[in-house]
Amino acid sequence: MKKMSLILSFALLMFVSCQGDKNAKASYNVIPLPQTIEMKEGNPFLLSKSTKIAYPSGNDELKQTAEFLAEYIQLSTGIKLGVLGIRESEDARNLIILKTGNGGDNPDAYSLTVTETRITIEGSSGAGVFYGIQTLRKSIPIGKKNSKIMFPAVNLQDYPRFQYRGAMLDVSRHFFSPEFVKKYIDILALHNLNRMHWHLSDDQGWRIEIKKYPELTSGGSQRKETVIGRNSSVSDGKPYGGFYTQEQIKDIVDYANKRFITIIPEIDLPGHMLAALTAYPELGCTGGPYEVGTKWGVYDDVLCVGNEKTFTFLEDVFTELLQLFPSKYIHIGGDECPKVRWQSCSKCQAKIKELGLTKDDKHSAEEKLQSYCISRMEKFLNSKGRNIIGWDEILEGGLAPNATVMSWRGVEGGIAAAKQGNDVIMTPTSHLYFDYYQTKDTKNEPLAFGGLVTLEKVYSFNPIPDELVGNERKHIIGVQANLWTEYIETPEHVEYMMLPRLAALSEVQWSAPEKKDYKDFMSRLFTMTKLYDKLGYNYSKRLFDIETTTTFEDKTIVVSFSTIDNAPIYYTLDGSTPTTNSTKYTEPIRIDKSAELRAVAIRGDVVSNVYEDSFNFNKATLKPIKANIEPTAKYAFGGINTLVDGKRGGGSYSDGSWIGYFGEDFEAVIDLQSAQDVSSVKIGTFVSVGDWVFGATSFKVAVSDDNTNFKEVFSKTYPVLEATQETGVIDLVASFDKTKAKYVKVSVGVTKSMPEWHTGKGRPSFLFLDEIIVQ
Ligand code: TNX
2 MKKMSLILSF ALLMFVSCQG DKNAKASYNV IPLPQTIEMK EGNPFLLSKS TKIAYPSGND
62 ELKQTAEFLA EYIQLSTGIK LGVLGIRESE DARNLIILKT GNGGDNPDAY SLTVTETRIT
122 IEGSSGAGVF YGIQTLRKSI PIGKKNSKIM FPAVNLQDYP RFQYRGAMLD VSRHFFSPEF
182 VKKYIDILAL HNLNRMHWHL SDDQGWRIEI KKYPELTSGG SQRKETVIGR NSSVSDGKPY
242 GGFYTQEQIK DIVDYANKRF ITIIPEIDLP GHMLAALTAY PELGCTGGPY EVGTKWGVYD
302 DVLCVGNEKT FTFLEDVFTE LLQLFPSKYI HIGGDECPKV RWQSCSKCQA KIKELGLTKD
362 DKHSAEEKLQ SYCISRMEKF LNSKGRNIIG WDEILEGGLA PNATVMSWRG VEGGIAAAKQ
422 GNDVIMTPTS HLYFDYYQTK DTKNEPLAFG GLVTLEKVYS FNPIPDELVG NERKHIIGVQ
482 ANLWTEYIET PEHVEYMMLP RLAALSEVQW SAPEKKDYKD FMSRLFTMTK LYDKLGYNYS
542 KRLFDIETTT TFEDKTIVVS FSTIDNAPIY YTLDGSTPTT NSTKYTEPIR IDKSAELRAV
602 AIRGDVVSNV YEDSFNFNKA TLKPIKANIE PTAKYAFGGI NTLVDGKRGG GSYSDGSWIG
662 YFGEDFEAVI DLQSAQDVSS VKIGTFVSVG DWVFGATSFK VAVSDDNTNF KEVFSKTYPV
722 LEATQETGVI DLVASFDKTK AKYVKVSVGV TKSMPEWHTG KGRPSFLFLD EIIVQ
């Protein structure tokens, strides 16, 4: 009773004090975190209906920015402020003053000073002022009904770490309306990004009107249907298409420009060109006929580089493109260009001869032909005063000094390019592919490309690898996230994949690395979600999920939980769904026998996604294990111990709970550490044939008491999987007569030659394994 009344009076106190505090208070701890925030002694500034936003009379750029700020403030507070032009000498009070000329050499820098009489945002340029108003809008608390907002006195100095802060949108695989592209630009602006890389052409659709080549849009922008899922054998049978007219593009470029975002267009060449080839088959090596891609992946049909017409076409296309996009950088792709057509094309072979290209120990003649194509286009664009960006494949076969490399297949390409003096934009699949899953709980997520790029992973990205020293480090000019849209059809889904990972990216791009603190970021993100809600952005609610860390202590697995806002967590160990009646989490959970752990965070009547983990304690759990081969680097994750960590693999081969091998048979020996009765061994495999991930072709078990002489107790072979095989887990199970064993050897055969029906026919496959269960 006493406790009850204590709680009640505390609640009452809170109620009264919230009521009493009529002015909602701004906080400058926004995302991305500003460089320095120096709080001042003086009285705060009170923003009210009568506050005005002032810009220097006659400055249209700042007038526009002032109008943006008025809109932002109205959205967040409901208060509509007036905007007015003033002369330098005017000394008015109750103003938010925007001005330029703080003299710094970083055009994106600004200062924000708050005193009792005014808020002043002074940028090195219009861009700096724009970032200043972003910080100001994000500092405003959301969801409080107040007539005044209190801005504590401050001297805030801010500038970005990187000059290039980008995000890519692929509009080829799926098309997005001009209205949505503008919303995407708004989302970037909110996070202080200044480049939108627009992937406008690919195998599955050409999306930009080119007046000289009307077929590109009349035919090349349309595909007859789209494959369902990850290159399954079924398609939806529905025609799909769309493109932007030049007028629409100009309008979007202008929209972005007002928000200090430069659009970098990409025409991907000489590969990823099937849509253009469909429109103009004479540009391909075989002459066609071609068909706009209806499946995902890489197509063998590419531009014929031996044909001069190809270059006329490209120069014409870029000539029109340059009139629409003022960007200094133009992206010409260069990724994933198979060379098979060129190998048997008389024109390409003649060109190779004419250019005197010969195979050496690093590159084939055809790879050098690709390099020729890229550098020829580079020269053309340079002659028009532009510089090229290309995917890291453009490094292969030599690179001109003013080309910028987008390092996507890891950071290695970026390191190599920076070491040879080229500029680099870091955008590795490992941390910045926003088409990858954002949680391990993939079975409750919309289908994604694969991979796992969590919020924390994005946040942890280090754009300047330690391998780079001195001046080399300056060549990392920026960081970008990529949104490929094979599996993303709707605007809501784009937002879901971008947010909140873009918030983590913005901090990598903007803030000081020495201030990086994930926990602190998460608390600021919690505030930011209120603004996302207000703006109607469909961000992933995964940030409210339970976060876990697992450690191992002797023969015990220790699981710790946390949430972004310290919400109460409840759990069960028997697989039942937790409720507020279940055990409340107060300290790390110690698990030493098989268990089905389930946990939820409960906020009022909102229950989070269920966290699930299965622990299987058996004779192999947490025992020493040695394998004959190393997993493929990309899929090594926690290494071989993953197979005996007591946790069964989850719903995606790339979520870190599986380890992957390529093309080689697997064999491992587990040391049970004493002779034990053994009569069954089980191992999980994960299959996804569209991704070259096949099942086992054989499974063998042998036992030994000295780790030298093994006796086979089980052996079985399996047929190669069919095209209709569903993606998921296939367990291999060996049962045999009870036998004593101190060592257990498990051998799993990989599919060495994928079948006729597969795009990789004749090539070996991946093999994904998890948990070995010995009983
Ligand atoms: C690789 S990144 C591609 C794209 C795909 C993407 C899917 C790059 C230069 N090429 O064509 O859409 O993977 O993640």
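Positions in the sequence shown are counted from 1; adding 1 to them yields this note's numbering. Note that the Cβ used here is the ideal one computed from N, Cα and C, for glycine as well. Here the structure is a predicted model, which is why all the values come from computation and not from measurement.
Out of VAL721, TYR636 and ILE773, which has the shortest C-alpha to C-alpha gap to ARG649?
-> Among VAL721, TYR636 and ILE773, the Cα nearest to that of ARG649 belongs to ILE773.
Helix, strand or coil at HIS200 [DSSP, three-state] = Judged by DSSP in its simplified three-state form, HIS200 adopts strand.
Take every Cβ of the stretch 730-748, pair it with every Cβ of the stretch 671-680, and state whether three or more of those distances are shorter than 8 Å.
-> Contact check between the stretch 730-748 and the stretch 671-680: three or more CB pairs, one atom from each, fall below 8 Å, which counts as touching.
THR52: buried (16+ other C-beta within 10 angstroms of its C-beta) or exposed?
-> Counting the other Cβ atoms within 10 Å of the Cβ of THR52 gives 16 or more, which makes it buried.
Would you please state the rounded distance, in angstroms, between the beta carbons of VAL679 and LYS620? I believe it to be under 8 Å.
-> At roughly 7 Å, the Cβ-Cβ gap stays under 8 Å, so VAL679 and LYS620 are in contact.
Which value, in whole angstroms, describes the spacing of the CA atoms of THR455 and GLU68?
-> The straight-line gap separating the alpha-carbon atoms of THR455 and GLU68 is approximately 36 Å.
Length of the line joining the Cα atoms of PRO372 and ILE211 = Reading off the sequence shown, one finds Ser at residue 372, where the question assumed Pro. Cα to Cα, the separation comes out at about 26 Å.
Would you call the stretch 132-152 and the stretch 81-91 in contact, with 3 or more CB pairs under 8 Å?
-> No: fewer than three Cβ pairs fall under 8 Å.
Are three or more beta carbon pairs between the stretch 467-486 and the stretch 568-588 nearer than 8 Å?
-> The stretch 467-486 is not in contact with the stretch 568-588.
Would you tell me roughly how many angstroms separate the C-alpha atoms of TYR460 and LEU323, rounded to the nearest one?
-> Distance from the CA atom of TYR460 to the CA atom of LEU323, rounded to whole angstroms, is 35 Å.
Hey, would you say the C-beta of ASP467 is under 7 Å away from at least one heavy atom of ligand 1?
-> Not so, every heavy atom of ligand 1 lies at least 7 Å from the Cβ.
ILE186 burial status per 10 Å Cβ neighbour count (16 or more: buried) = Buried, because 16 or more other Cβ atoms sit within 10 Å of the Cβ of ILE186.
Beta strand (DSSP E) runs contained entirely in the stretch 157-188, provided each spans 3 or more residues = Qualifying beta strand (DSSP E) stretches, in chain order: 165-171.
For ARG196 versus TYR165, is the C-beta distance shorter than 8 Å?
-> With contacts defined as CB atoms closer than 8 Å, ARG196 and TYR165 qualify as a contacting pair.
Per DSSP, GLY242 is paired with what?
-> Partner(s): GLN223.
Measure the Cβ-Cβ separation of SER748 and GLU668 and say whether it is below 8 Å.
-> A distance below 8 Å separates the beta carbons of SER748 and GLU668.
Do the stretch 706-714 and the stretch 760-774 meet, that is, are 3 or more Cβ pairs less than 8 Å apart?
-> Here the stretch 706-714 does not lie against the stretch 760-774, with fewer than 3 beta-carbon pairs under 8 Å apart.
State buried or exposed for ARG599, treating a residue as buried only when at least 16 other CB atoms are found within 10 Å of its CB.
-> Result: buried.
For GLU283, count neighbouring Cβ atoms within 10 angstroms of its own Cβ and tell me buried if that reaches 16, exposed if not.
-> Burial call: exposed.
DSSP state of TRP392 mapped onto helix, strand, coil | When secondary structure is reduced to three states using DSSP, TRP392 falls in the strand class.
Taking just the CA atoms, how far does LYS64 sit from ASN44?
-> If you take the alpha carbons of ASN44 and LYS64, they lie about 28 Å apart.
Beta-carbon contacts of GLU321 that lie in its chain and below 8 Å, excluding the five residues immediately before and after | The residues ILE211, LYS212, LYS213 and GLN247, in chain order, have a CB closer than 8 Å to that of GLU321 in the same chain once the five nearest residues on each side in sequence are set aside.
Residue of ASP593, ASN60, ALA168 and VAL115 minimising C-alpha distance to VAL155 | Comparing alpha-carbon positions, the option among ASP593, ASN60, ALA168 and VAL115 lying closest to VAL155 turns out to be VAL115.
Hey, is TRP409 close to ligand 1, as in C-beta under 7 Å from one of its heavy atoms?
-> Yes; taking the cut-off as 7 Å, the Cβ of TRP409 has a heavy atom of ligand 1 nearer than that.
Taking only the alpha-carbon atoms, compute the straight-line gap between LYS225 and GLY206 and give it to the nearest angstrom.
-> Looking at the two C-alpha atoms, the distance is approximately 11 Å.
Work out the CA separation of GLY272 and GLY59 for me, nearest whole Å.
-> GLY59 and GLY272: Cα-Cα distance of roughly 49 Å.
Note down the Cα distance separating THR227 from TYR241, rounded to an integer number of angstroms.
-> Rounded to whole angstroms, THR227 to TYR241 spans 7 Å at the Cα level.
Is GLN481 buried or exposed, if buried means 16 or more other CB atoms sit within 10 Å of its CB?
-> Buried, by the Cβ-count rule.
Local Cβ density within 10 Å of GLU267, reported as buried at 16 or more and exposed below that = GLU267 should be labelled buried.
Heavy atom of ligand 1 less than 7 Å from the Cβ of ASN472, yes or no?
-> Incorrect: ASN472 has no Cβ contact closer than 7 Å to ligand 1.
Closest by C-alpha distance to ALA401, when choosing among TYR654, ASN388, TYR636 and ALA637 = Closest option to ALA401, Cα to Cα, is ASN388.
For SER653, three-class secondary structure by DSSP = In this structure, SER653 counts as coil in the three-state DSSP scheme.
If we ignore side chains and look at the alpha-carbon of each, how far apart do THR530 and THR578 end up?
-> Cα atoms of THR530 and THR578: separation of roughly 27 Å, rounded to the nearest angstrom.
Write down every uninterrupted run of the alpha helix (DSSP H) in the stretch 427-475 whose length is 4 residues or greater and which is fully enclosed by it, in chain order.
-> Complete alpha helix (DSSP H) runs here, min 4: 430-433 and 456-460.
In angstroms, rounded to a whole number, what distance separates the CA positions of CYS286 and PRO339?
-> Going from the Cα of CYS286 to the Cα of PRO339 covers about 12 Å.
Which ranges would you report for the alpha helix (DSSP H) in the stretch 255-283 if only whole runs of at least 4 residues count?
-> DSSP runs (the alpha helix (DSSP H)) wholly in the stretch 255-283: 275-280.
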